[in-house]
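To keep things clear, I will list the structure first and then write my remarks on it.
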Amino acid sequence: MTSYACKPNARSYTILIDGLCRMNRSEDAFLLLRKMTNSGYTPSIVTYNALMNGLCKEGKLFEAYNLLDGMLNKGCLPNVSTYTTLICGLCKHGMVHKIFELWEEMSKICIPDVTIYTSVIDGLCKQGRVFEAEHVFHKALEKGCPPNVYTYNALISGFCKMGILEKASTLFDTMEAKGDCPDLCTYNTLISGFSKAGRPHDALKFLQSMPQNNCKPDVSTYNIIVSSFCRLLKADEAYDLKNSMQALNCSPDTFTYNMLINVLCKVGRLEEATSIIEEMLLEGCFPTVVTYNTMLSGYCQKGAIQEASLLFLQMGCRGIGPDDVAYTCMIVAFCRIGNAEKAYKLFIEMYNEGMILDVVSCNRLLQSLCDISRVLKANRVFKLMELKGPSLNKDSFEAVINGFCKIQRIIKAFLLFDQMVFKRWVPSIQTCNLLILGLCRLDRLTLALKVFERLPIIGVDCNEETLNIIINALRKVGRIKECEQYLGKLIQLASDASWVR
Numbered sequence: 459m460t461s462y463a464c465k466p467n468a469r470s471y472t473i474l475i476d477g478l479c480r481m482n483r484s485e486d487a488f489l490l491l492r493k494m495t496n497s498g499y500t501p502s503i504v505t506y507n508a509l510m511n512g513l514c515k516e517g518k519l520f521e522a523y524n525l526l527d528g529m530l531n532k533g534c535l536p537n538v539s540t541y542t543t544l545i546c547g548l549c550k551h552g553m554v555h556k557i558f559e560l561w562e563e564m565s566k567i568c569i570p571d572v573t574i575y576t577s578v579i580d581g582l583c584k585q586g587r588v589f590e591a592e593h594v595f596h597k598a599l600e601k602g603c604p605p606n607v608y609t610y611n612a613l614i615s616g617f618c619k620m621g622i623l624e625k626a627s628t629l630f631d632t633m634e635a636k637g638d639c640p641d642l643c644t645y646n647t648l649i650s651g652f653s654k655a656g657r658p659h660d661a662l663k664f665l666q667s668m669p670q671n672n673c674k675p676d677v678s679t680y681n682i683i684v685s686s687f688c689r690l691l692k693a694d695e696a697y698d699l700k701n702s703m704q705a706l707n708c709s710p711d712t713f714t715y716n717m718l719i720n721v722l723c724k725v726g727r728l729e730e731a732t733s734i735i736e737e738m739l740l741e742g743c744f745p746t747v748v749t750y751n752t753m754l755s756g757y758c759q760k761g762a763i764q765e766a767s768l769l770f771l772q773m774g775c776r777g778i779g780p781d782d783v784a785y786t787c788m789i790v791a792f793c794r795i796g797n798a799e800k801a802y803k804l805f806i807e808m809y810n811e812g813m814i815l816d817v818v819s820c821n822r823l824l825q826s827l828c829d830i831s832r833v834l835k836a837n838r839v840f841k842l843m844e845l846k847g848p849s850l851n852k853d854s855f856e857a858v859i860n861g862f863c864k865i866q867r868i869i870k871a872f873l874l875f876d877q878m879v880f881k882r883w884v885p886s887i888q889t890c891n892l893l894i895l896g897l898c899r900l901d902r903l904t905l906a907l908k909v910f911e912r913l914p915i916i917g918v919d920c921n922e923e924t925l926n927i928i929i930n931a932l933r934k935v936g937r938i939k940e941c942e943q944y945l946g947k948l949i950q951l952a953s954d955a956s957w958v959r
């Protein structure tokens, strides 16, 4: 403007300041404000409100407070818009306590409007201070400031979050009685509150009352109640509600179908769950990895491994690659039926895809492989866990140690035992006995005795089986005097056990 000899006026500066604030450039806006005052123009309430809005939007509430003081010092009285902006900013950033400091000062200058009251009520409710919010609500009524739908929604939401559902319901009745029409947000809030409290039938009553207030439920409204029925394992009620929404031209979404499939699997109605997937496809609603994982889990829990395997293959054919949940489900299922070889193949496939099995499932696989003497494969799983995760734990070590003992690879077992003790994990006495027995059978009696002597140091109490293993090994090599020494310990242990009984 200046290059065209056109001097900016106060309005020009205000427009530019407002634009900078909308772009989150409050610092530049204040530089322009200084230039404006240096040019002899006095900022108006509109200018200050633009700055206040910019500061609050950027979360600069300390600067916003300073701006308010600066306005008063320069004789520019804040208006309702100024206070509304600042109060909304304080509420948004959880500084509700500061509002009450402003309240008295604001009341001297202007009358709080419904927006201010609603902001305060909403802020208090978000902090769980719902009874204070209720007090502010009644205070607004006393001051002749009627609430609007947003005010009601804020307080109803507060009551629902705190589980004070009867008050929320009463407030809804008051709202209707005064001719204030509830909106979709009002209904969804109440329906969600009652559904989460395990009262879906009460939630249904609100759903059924929506048409009389010209309010049409959306798929989210239905999903809230469907979810509640599913959590309570009320599959028939959930399915009936799905049919009701379809009858009213509200199409279920993937979330609706997934919830129904989940509850049907949980109650063992797998054929019906399968038919839901077919319905999804007919309705143009495509199953997701969650859909398939839910079905896989249902089949595996029922022991229907063939059906689960077929579905697992279908996932890949339909362009939905199995995720770690799907692999885990199948690996655990194969371990459960004793098919550790198939579980192992899936484990390797899973790791090659860059996925990691959780430690509990890994340990189950280790144990299953060792149970059928596939200890070298178990050791490979163990090494992959060491290399890529998950972190090994006591159960991981014990499974492989016991496996090596089973196939007479005792030195391997001993080295793992040593590594386990170094990590300060306390092995079970059963594992220690297996290792000591293996060493004795290998004629490594000296090493077996060293393991035995370490037991109290690492926090393991020997039992009668431990002493019998040592005594038999010593007797076998003719070390009778030492046999007598350990026999005395055995008698003492038996005596102590008898005394405890």
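Residue numbers for the sequence shown follow the working numbering, so the first one is 459 and each next one is one higher.
Glycine residues also receive a C-beta, built at the ideal position from the N, C-alpha and C atoms.
On the criterion of 16 or more Cβ atoms from any shown chain inside 10 Å, does residue 498 qualify as buried, or is it exposed?
With fewer than 16 other CB atoms across the displayed protein chains lying within 10 angstroms of its CB, residue 498 is exposed.
For residue 635, is the classification buried or exposed, using 16 other Cβ atoms within 10 angstroms of its Cβ as the cut-off for buried?
The residue in question, residue 635, is exposed, as its Cβ has fewer than 16 Cβ neighbours within 10 Å.
Look at the alpha carbon of residue 696 and the alpha carbon of residue 744, and state the distance between them as a whole number of angstroms.
For residue 696 and residue 744, the distance between alpha carbons rounds to 20 Å.
Give me, in chain order, the residues of the same chain whose beta-carbon lies closer than 7 Å to that of residue 942; leave out the 5 immediate sequence neighbours on both sides.
none
For the candidate residues 691, 782, 731 and 645, whose alpha-carbon lies nearest to that of residue 678?
By alpha-carbon distance to residue 678, the top candidate from 691, 782, 731 and 645 is 645.
Reduced DSSP category for residue 571 - H, G, I as helix; E, B as strand; rest coil:
coil
For residue 735, count neighbouring Cβ atoms within 10 angstroms of its own Cβ and tell me buried if that reaches 16, exposed if not.
buried
When DSSP labels each residue in this structure, what does residue 616 get in the three-state scheme?
Helix at residue 616.
Rounded separation between residue 653 and residue 673 - CA only:
CA-CA distance, residue 653 to residue 673, rounds to 19 Å.
Need the endpoints of the alpha helix (DSSP H) that residue 678 sits in, please.
677 to 689
Relative to the C-alpha of residue 467, which candidate in 501, 479 and 912 has its C-alpha closest?
Closest option to residue 467, judged by alpha-carbon separation, among 501, 479 and 912: 501.
Go through its chain and collect everything with a Cβ distance to residue 659's Cβ below 7 Å, but skip five positions before and after it.
none
Within 8 Å (strictly less), CB to CB, does residue 639 reach chain B?
In the displayed structure, chain B is absent; only one protein chain is listed.
Using CA atoms only, rank isn't needed, just tell me which of 657, 621, 595 and 620 is closest to residue 632.
595
Within 10 angstroms of its Cβ, does residue 592 collect 16 or more other Cβ (buried), or is it exposed?
buried
With respect to the alpha helix (DSSP H) encompassing residue 546, which residues constitute its N-terminal and C-terminal limits?
Segment 538 to 550, the alpha helix (DSSP H) holding residue 546.
Rounded to the nearest angstrom, what separates residue 472 and residue 495 at their Cα positions?
11 Å
Would you kindly report the start and end of the unbroken alpha helix (DSSP H) that includes residue 743?
That residue, residue 743, is in no alpha helix (DSSP H); it is neither H nor E in DSSP.
Let me know if residue 485 comes out buried or exposed under the rule of 16 or more other beta-carbons within 10 Å of its beta-carbon.
exposed
Measure the C-alpha to C-alpha separation of residue 852 and residue 825 and round it to an integer number of angstroms.
13 Å
Backbone CA spacing between residue 527 and residue 616 [nearest angstrom]:
Distance from the CA atom of residue 527 to the CA atom of residue 616, rounded to whole angstroms, is 33 Å.
With distances taken between CB atoms, is the gap from residue 927 to residue 948 smaller than 8 Å?
Not a contact, by the Cβ cut-off of 8 Å.
Residue 490 by DSSP, collapsed to three states: which one?
helix
How is residue 849 classed by DSSP in three states: helix, strand or coil?
coil
Once you ignore the five residues that flank residue 760 on each side, which residues in its own chain have a CB closer than 8 Å to its CB?
726 and 728
Report yes if the C-beta distance between residue 839 and residue 823 is below 8 Å; otherwise report no.
yes
Just how far apart, CA to CA, sit residue 529 and residue 540?
10 Å
Tell me the rounded alpha-carbon separation between residue 884 and residue 836.
21 Å
Beta carbon of residue 857, beta carbon of residue 898: below 8 Å?
By the CB criterion at 8 Å, residue 857 and residue 898 fall outside the cutoff.
Please list the terminal residues of the continuous alpha helix (DSSP H) segment that includes residue 528.
Per DSSP, the unbroken alpha helix (DSSP H) holding residue 528 starts and ends at 519 to 531.
How long is the line joining the alpha carbons of residue 629 and residue 702, rounded to whole angstroms?
28 Å
Start and end of the alpha helix (DSSP H) containing residue 640?
In this chain, residue 640 is not harboured by any alpha helix (DSSP H), its DSSP state being neither H nor E.
In the DSSP assignment, find the alpha helix (DSSP H) that holds residue 929 and state where it starts and stops.
Where residue 929 is concerned, the enclosing alpha helix (DSSP H) stretches over 922 to 934.
In the DSSP assignment, find the unbroken alpha helix (DSSP H) run with residue 512 in it and report its ends.
503 to 515
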